[in-house]
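Chains as they are written, first to last, in our numbering: chain C, 75 to 314; chain A, 75 to 314; chain Y, 75 to 314; chain F, 75 to 314. Working notes, structure below.
4 protein chains.
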Amino acid sequence: MIKVTVWNEYAHEKESEKVASIYPRGIHNAIADFLRCDDIEVRTATLDDPECGLTEDVLNDTDVLIWWGHIRHGDVPDNVVNRVRKSVLKGMGLIVLHSGHHSKIFRALMGTSCNLSWREDGDLERIWTINPAHPIAKGIGRYFELDGVETYAEPFGIPEPDEVVFMGWYEGGELFRSGCTFHRENGRIFYFQPGHETFPIFYNENVQTIIRNAVRWAAPVLRIPELDCPNVQRVHNVNK
Amino acid sequence: MIKVTVWNEYAHEKESEKVASIYPRGIHNAIADFLRCDDIEVRTATLDDPECGLTEDVLNDTDVLIWWGHIRHGDVPDNVVNRVRKSVLKGMGLIVLHSGHHSKIFRALMGTSCNLSWREDGDLERIWTINPAHPIAKGIGRYFELDGVETYAEPFGIPEPDEVVFMGWYEGGELFRSGCTFHRENGRIFYFQPGHETFPIFYNENVQTIIRNAVRWAAPVLRIPELDCPNVQRVHNVNK
Amino acid sequence: MIKVTVWNEYAHEKESEKVASIYPRGIHNAIADFLRCDDIEVRTATLDDPECGLTEDVLNDTDVLIWWGHIRHGDVPDNVVNRVRKSVLKGMGLIVLHSGHHSKIFRALMGTSCNLSWREDGDLERIWTINPAHPIAKGIGRYFELDGVETYAEPFGIPEPDEVVFMGWYEGGELFRSGCTFHRENGRIFYFQPGHETFPIFYNENVQTIIRNAVRWAAPVLRIPELDCPNVQRVHNVNK
Amino acid sequence: MIKVTVWNEYAHEKESEKVASIYPRGIHNAIADFLRCDDIEVRTATLDDPECGLTEDVLNDTDVLIWWGHIRHGDVPDNVVNRVRKSVLKGMGLIVLHSGHHSKIFRALMGTSCNLSWREDGDLERIWTINPAHPIAKGIGRYFELDGVETYAEPFGIPEPDEVVFMGWYEGGELFRSGCTFHRENGRIFYFQPGHETFPIFYNENVQTIIRNAVRWAAPVLRIPELDCPNVQRVHNVNK
Numbered sequence: 075m076i077k078v079t080v081w082n083e084y085a086h087e088k089e090s091e092k093v094a095s096i097y098p099r100g101i102h103n104a105i106a107d108f109l110r111c112d113d114i115e116v117r118t119a120t121l122d123d124p125e126c127g128l129t130e131d132v133l134n135d136t137d138v139l140i141w142w143g144h145i146r147h148g149d150v151p152d153n154v155v156n157r158v159r160k161s162v163l164k165g166m167g168l169i170v171l172h173s174g175h176h177s178k179i180f181r182a183l184m185g186t187s188c189n190l191s192w193r194e195d196g197d198l199e200r201i202w203t204i205n206p207a208h209p210i211a212k213g214i215g216r217y218f219e220l221d222g223v224e225t226y227a228e229p230f231g232i233p234e235p236d237e238v239v240f241m242g243w244y245e246g247g248e249l250f251r252s253g254c255t256f257h258r259e260n261g262r263i264f265y266f267q268p269g270h271e272t273f274p275i276f277y278n279e280n281v282q283t284i285i286r287n288a289v290r291w292a293a294p295v296l297r298i299p300e301l302d303c304p305n306v307q308r309v310h311n312v313n314k
Numbered sequence: 075m076i077k078v079t080v081w082n083e084y085a086h087e088k089e090s091e092k093v094a095s096i097y098p099r100g101i102h103n104a105i106a107d108f109l110r111c112d113d114i115e116v117r118t119a120t121l122d123d124p125e126c127g128l129t130e131d132v133l134n135d136t137d138v139l140i141w142w143g144h145i146r147h148g149d150v151p152d153n154v155v156n157r158v159r160k161s162v163l164k165g166m167g168l169i170v171l172h173s174g175h176h177s178k179i180f181r182a183l184m185g186t187s188c189n190l191s192w193r194e195d196g197d198l199e200r201i202w203t204i205n206p207a208h209p210i211a212k213g214i215g216r217y218f219e220l221d222g223v224e225t226y227a228e229p230f231g232i233p234e235p236d237e238v239v240f241m242g243w244y245e246g247g248e249l250f251r252s253g254c255t256f257h258r259e260n261g262r263i264f265y266f267q268p269g270h271e272t273f274p275i276f277y278n279e280n281v282q283t284i285i286r287n288a289v290r291w292a293a294p295v296l297r298i299p300e301l302d303c304p305n306v307q308r309v310h311n312v313n314k
Numbered sequence: 075m076i077k078v079t080v081w082n083e084y085a086h087e088k089e090s091e092k093v094a095s096i097y098p099r100g101i102h103n104a105i106a107d108f109l110r111c112d113d114i115e116v117r118t119a120t121l122d123d124p125e126c127g128l129t130e131d132v133l134n135d136t137d138v139l140i141w142w143g144h145i146r147h148g149d150v151p152d153n154v155v156n157r158v159r160k161s162v163l164k165g166m167g168l169i170v171l172h173s174g175h176h177s178k179i180f181r182a183l184m185g186t187s188c189n190l191s192w193r194e195d196g197d198l199e200r201i202w203t204i205n206p207a208h209p210i211a212k213g214i215g216r217y218f219e220l221d222g223v224e225t226y227a228e229p230f231g232i233p234e235p236d237e238v239v240f241m242g243w244y245e246g247g248e249l250f251r252s253g254c255t256f257h258r259e260n261g262r263i264f265y266f267q268p269g270h271e272t273f274p275i276f277y278n279e280n281v282q283t284i285i286r287n288a289v290r291w292a293a294p295v296l297r298i299p300e301l302d303c304p305n306v307q308r309v310h311n312v313n314k
Numbered sequence: 075m076i077k078v079t080v081w082n083e084y085a086h087e088k089e090s091e092k093v094a095s096i097y098p099r100g101i102h103n104a105i106a107d108f109l110r111c112d113d114i115e116v117r118t119a120t121l122d123d124p125e126c127g128l129t130e131d132v133l134n135d136t137d138v139l140i141w142w143g144h145i146r147h148g149d150v151p152d153n154v155v156n157r158v159r160k161s162v163l164k165g166m167g168l169i170v171l172h173s174g175h176h177s178k179i180f181r182a183l184m185g186t187s188c189n190l191s192w193r194e195d196g197d198l199e200r201i202w203t204i205n206p207a208h209p210i211a212k213g214i215g216r217y218f219e220l221d222g223v224e225t226y227a228e229p230f231g232i233p234e235p236d237e238v239v240f241m242g243w244y245e246g247g248e249l250f251r252s253g254c255t256f257h258r259e260n261g262r263i264f265y266f267q268p269g270h271e272t273f274p275i276f277y278n279e280n281v282q283t284i285i286r287n288a289v290r291w292a293a294p295v296l297r298i299p300e301l302d303c304p305n306v307q308r309v310h311n312v313n314k
């Protein structure tokens, strides 16, 4: 059983009728709803929960953390960010969605600005599968379309990904590395571009398949102790 | 002309007679001395200088920053670290030496713990050239030896390097990825393992060649404006 | 159930009493014996079988192919090599052991010489786990030792691996990237250095664990049709 | 002075009036003409020259080889391909243009099919700079346009590139990794997608800048002897 925690800042849904009409119980519950299945169990957590809902106990009991944030990135306390970062380095999987590219946790793990260019014109996006045998692409065809998205454009200020699984083509002329994998120490990370709050992206079947695949891919093979920096004994004693 | 700033926390040399006898004018000056040549000009900066000697003006006038620190990593203010990080992302080269693996700036750019295992037994280290055609390996043979070093052992908590140029073999049984390159946005980064304060490593001719090569490799082809995150206009107006 | 085919040129065992005494039924059967388990079924194939035992039918029924060869690399017909290569590109996993670094199939997939330096002094090798959370390292400690091996030394003429999982330290002074992963189109490839015919390496428990882990890691998530090079229709018909 | 050899199969220009009207002296001479400058000297070679114009002497005197081929890939003899491959592994740079993705030399160095999808509709292509500080992108803006190209579409059957410098967006809905770097042993390789024989691509100023940049980037820092596979002496004699 893979244990997933879906984290959402849960701000737009409370402030905007439009967003609330698309995601009445919050983006986190929309994601949780489609993820729950025989091998995946899901809990949710939001910014306004105590400790952002991300206590040491919750993280130790989480195989994969999914992150959605946008307008309140700055309100996530640094100690929570650091706690999440340590969990990733020990092996917890992390899936960062859409505007989460600017979250403190993603920037801390990437080490770069994670900047990009954007516009909100509701363009058609055609998502191409670049790496068709990647576990995250299982069940996805040569490409699929999202009819109305926020456009993200290159250059995207990230380190070279381990693998670029998907790339997005926008009718307005841009392209973007839409689905990228990274690993940082023992944790696997997947960034996925679609998912704006004003478009019902998380009801799209292909998007759901990809996130479900990513959960299974990012779940740790084993959780290992945090790497520390010990003074060690010589291992080879033949000479001395 | 490549403009280099050599930064040193400059603490051991003031506190330890042994270190002072090896580096009487500080590690920074030992490095500056061998670097100065027809195409490289060098200034130095230390922790106790105002703003650590790393003002906006100094960084804007620096092509490659060399970093040596060990026992006072925590005393480098976060705003200085952030300023250096932005310079690297815009294109300034960065060379991190030895115990600098734990500096705030290297950890911030890597996103990982940068932990490792270590011991100070004065082992012989044999440094192997893994990538003999890399510009940083120019003039270095199949391997060379350092007769007395601090041992660093794997696993080393870094993201997968772009290139592993050198690896170190220690007589006591360990090995380490001793010379690694990374790029983060527009800046090139080289980490080099040798260089402990109690061993006269920076007088070794091969070490000097490698650091000089690394300066030429890390110097920016072009300095470009910081990547920002703009709302942009649609580039393609055929359809709408 | 993962279907493995273990391929061995099966020459040394017939020609040398020493090798025959270590591997009386051939290296392929020694490997097959420890691999067979609840989720892995194994067949073997050798150079002298018709079509080297690697017909289209066998390859289509193989999830992971293990390759051991040394003195008869040149006798593997090019059409067999090409057939294996196509299977890998479609998704079949490939594990190349020891002297297989010079096999036609490994060189064809790497595109490089796959050269290295070597000596047969029966050195102690200490194999370090560089990437402790990698599925192939599951159950392996910080390092383990092989008491008597053929030494392989860098530089190793391969493309930059996706991941370096293990590195080998030899008491005689060399080091080597002992366990490397690659992917080529849809196939996963693992190269593992230990395994000389005159040392009983394949009876070592850690080596067995690593090869069993590698089988599970290299088994395809999905087998997909060979990528071809079609003339396709325009996908976007808004404009024209 | 960088010594460039521009190789062209030189077939379309002889067979098609349309192509001849665009490139009256052949694609090779169009490329040679814009490359020649203070630090670059150029010779040309074609398929019908003795030994394809690529003798050992020519290759030893070439820093960077540029390759254009399309309908006569199969007519390049294997021994010539192998000779070029060895030169690349020793450090000669290689720039492969457009339909050269299917050349024997590119496929031999990649180890994969190098397949892709294509159509010849004269689409507008917008080439985005993904890696703006890369030496090959010097002088190129955020994007530039080619008004009428052959479309190449993903997936592109190549190993993960070292760096994706450019990506192409096509008005008909496709995208492609248009500018990719690789290194194979000591040689640097750049693949660049634009360049179809029926479009006057090589007169485009941005394309010319990119190819000129790529020549300077691919020129070897040093030419080193071919890596061989020697039996070597133990380097460390303390123990035995």
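Where is the CB? At the ideal position from N, CA and C, for every residue including glycine.
(request) Using the Cα positions of residue 111 of chain F and residue 212 of chain F, report the straight-line distance between them to the nearest angstrom. (result) Roughly 17 Å separates the two Cα atoms.
(request) Classify residue 80 of chain C as helix, strand or coil using the three-state DSSP reduction. (result) Of the three classes helix, strand and coil, the one that applies to residue 80 of chain C here is strand, per DSSP.
(request) Flag residue 224 of chain C as yes if its beta-carbon sits less than 9 Å from any beta-carbon of chain F, otherwise no. (result) It does not: the Cβ of residue 224 of chain C has no partner Cβ on chain F nearer than 9 Å.
(request) On a CA-only basis, which of Y:174, Y:177, Y:165, Y:204 is nearest residue 231 of chain F? Give me that one, please. (result) The closest CA to that of residue 231 of chain F, considering only Y:174, Y:177, Y:165, Y:204, is found on Y:165.
(message) Which residues in chain E have a C-beta closer than 7 Å to the C-beta of residue 295 of chain Y? List them in chain order.
(response) Included in the structure are the protein chains C, A, Y and F, with no chain E among them.
(message) Just to confirm my understanding: we take residue 265 of chain F, look at its own chain, exclude 5 residues before and 5 after, and list those with CB closer than 6 Å. What are they?
(response) Contacts found: 170, 254.
(message) Pull the bridge partners of residue 254 of chain C from the DSSP assignment, please.
(response) BP columns for residue 254 of chain C point to C:238, C:265.
(message) Taking CB distances under 9 Å as the criterion, tell me whether residue 286 of chain F reaches chain A.
(response) Taking Cβ atoms only, chain A never reaches closer than 9 Å to residue 286 of chain F, which makes this a no.
(request) Select from Y:105, Y:260, Y:251 the residue whose C-alpha is nearest the C-alpha of residue 190 of chain Y. (result) Taking residue 190 of chain Y as reference, the option from Y:105, Y:260, Y:251 with the minimal CA-CA separation is Y:251.
(message) I need the boundaries of the alpha helix (DSSP H) containing residue 288 of chain A, first residue and last residue.
(response) Taken as a continuous stretch (DSSP letters only), the alpha helix (DSSP H) holding residue 288 of chain A covers 279-292.
(request) State the beta-bridge partners of residue 303 of chain F as determined by DSSP. (result) Answer by DSSP bridge pairing: none, since residue 303 of chain F is not bridged.
(message) Can you determine whether any heavy atom of the ligand NAD sits closer than 8 Å to the C-beta of residue 111 of chain A, and answer yes or no?
(response) Absent from the structure shown: the ligand NAD. Ligands present: none.
(request) Give, in chain order, every residue of the stretch 181-205 of chain Y whose Cβ lies closer than 7 Å to some Cβ of chain F. (result) Within the stretch 181-205 of chain Y, the residues whose Cβ lies closer than 7 Å to some Cβ of chain F are 182, 183, 184, 185, 186, 187, 189, 190, 191, 192, 193, 195, listed in chain order.
(request) Report the neighbours of residue 303 of chain F on chain Y: residues whose CB is nearer than 8 Å to its CB, in chain order. (result) Listed by position along chain Y, the residues whose Cβ is nearer than 8 Å to that of residue 303 of chain F are 176, 187, 189, 190, 191, 192.
(message) Let me make sure I understand the geometry here. Which of C:118, C:146, C:125 has the alpha-carbon closest to that of residue 173 of chain C?
(response) Ranking C:118, C:146, C:125 by CA distance to the CA of residue 173 of chain C puts C:146 first.
(message) Helix, strand or coil for residue 174 of chain F? Go by DSSP, reduced to three states.
(response) Of the three classes helix, strand and coil, the one that applies to residue 174 of chain F here is helix, per DSSP.
(request) Could you tell me whether the stretch 286-297 of chain Y touches the stretch 195-214 of chain C, where touching means 3 or more Cβ pairs closer than 8 Å? (result) The stretch 286-297 of chain Y, when compared against the stretch 195-214 of chain C, does touch it at the 8 Å Cβ threshold.
(request) Quick one: grab the DSSP three-state call for residue 313 of chain C. (result) Here residue 313 of chain C scores only 44 on pLDDT, less than 50, and its place in the model is too uncertain to base an answer on.
(message) Relative to the C-alpha of residue 153 of chain Y, which candidate in Y:124, Y:144, Y:135, Y:138 has its C-alpha closest?
(response) Among Y:124, Y:144, Y:135, Y:138, the Cα nearest to that of residue 153 of chain Y is on Y:124.
(request) Locate the beta strand (DSSP E) running through residue 191 of chain Y, then write down its first and last residues. (result) Membership of residue 191 of chain Y in the beta strand (DSSP E) is indicated by the continuous run 191-203.
(request) Could you pull out every residue in the same chain whose Cβ sits closer than 6 Å to the Cβ of residue 83 of chain C, ignoring the five residues on either side in sequence? (result) Around residue 83 of chain C: 121, 143, 146.
(request) Mark residue 312 of chain A as exposed unless 16 or more other C-beta atoms lie within 10 angstroms of its C-beta, in which case mark it buried. (result) The predicted position of residue 312 of chain A is uncertain, since its pLDDT is 47 and thus under 50; no value can be drawn from it.
(message) Quick check: what's the CA-CA separation for residue 91 of chain C versus residue 85 of chain C?
(response) Distance between the alpha carbons of residue 91 of chain C and residue 85 of chain C is about 12 Å.
(request) Decide if residue 286 of chain Y is buried, meaning its Cβ has at least 16 other Cβ atoms within 10 Å, or exposed. (result) A residue is called buried once 16 or more other Cβ atoms fall within 10 Å of its Cβ, and residue 286 of chain Y is buried on that count.
(request) For residue 88 of chain C, count neighbouring Cβ atoms within 10 angstroms of its own Cβ and tell me buried if that reaches 16, exposed if not. (result) Flag for residue 88 of chain C reads exposed.
(message) Can you give me the C-alpha to C-alpha distance between residue 279 of chain Y and residue 246 of chain A, rounded to a whole angstrom?
(response) Taking the straight line joining both Cα atoms gives about 24 Å.
(message) Taking contact to mean 3 or more Cβ pairs, one atom from each stretch, closer than 8 Å, check whether the stretch 91-105 of chain C and the stretch 298-310 of chain C are in contact.
(response) Because the criterion of three Cβ pairs below 8 Å is not met, the stretch 91-105 of chain C and the stretch 298-310 of chain C do not touch.
(request) Check residue 221 of chain C in the structure and name its three-state DSSP category. (result) When secondary structure is reduced to three states using DSSP, residue 221 of chain C falls in the strand class.
(message) Taking 7 Å as the limit between beta carbons, can you name the residues of its chain near residue 116 of chain Y, skipping five residues before and five after?
(response) For residue 116 of chain Y, the CB contacts under 7 Å within the same chain, skipping 5 residues up- and downstream, are 78, 80, 106, 109, 110 in chain order.
(message) Just checking: is the beta-carbon of residue 259 of chain C within a distance shorter than 9 Å of some beta-carbon in chain Y?
(response) It does; some Cβ of chain Y falls within 9 Å.
(request) Round the Cβ separation of residue 257 of chain Y and residue 223 of chain Y to the nearest angstrom and send it over; I've been treating them as touching at under 8 Å. (result) Approximately 27 Å separates the beta-carbon atoms of residue 257 of chain Y and residue 223 of chain Y; this is outside 8 Å, ruling out the contact.
(request) Identify which residue in C:238, C:126, C:157 has its Cα closest to the Cα of residue 150 of chain C. (result) From the listed residues C:238, C:126, C:157, the smallest Cα separation to residue 150 of chain C is found for C:126.
(request) Identify which residue in C:161, C:284, C:238 has its Cα closest to the Cα of residue 132 of chain C. (result) For residue 132 of chain C, the nearest C-alpha among the options comes from C:161.
(request) Give a yes or no on whether the minimum CB-CB distance between residue 220 of chain Y and chain A is below 9 Å. (result) With 9 Å as the cut-off, residue 220 of chain Y does not count as an interface residue toward chain A.
(message) Per DSSP, what are the beta-bridge partners of residue 115 of chain C in this structure?
(response) C:77.
(message) Taking beta-carbon pairs under 7 Å, can you tell me which members of the stretch 139-171 of chain C lie near chain Y?
(response) Within the stretch 139-171 of chain C, the residues whose Cβ lies closer than 7 Å to some Cβ of chain Y are 165, listed in chain order.
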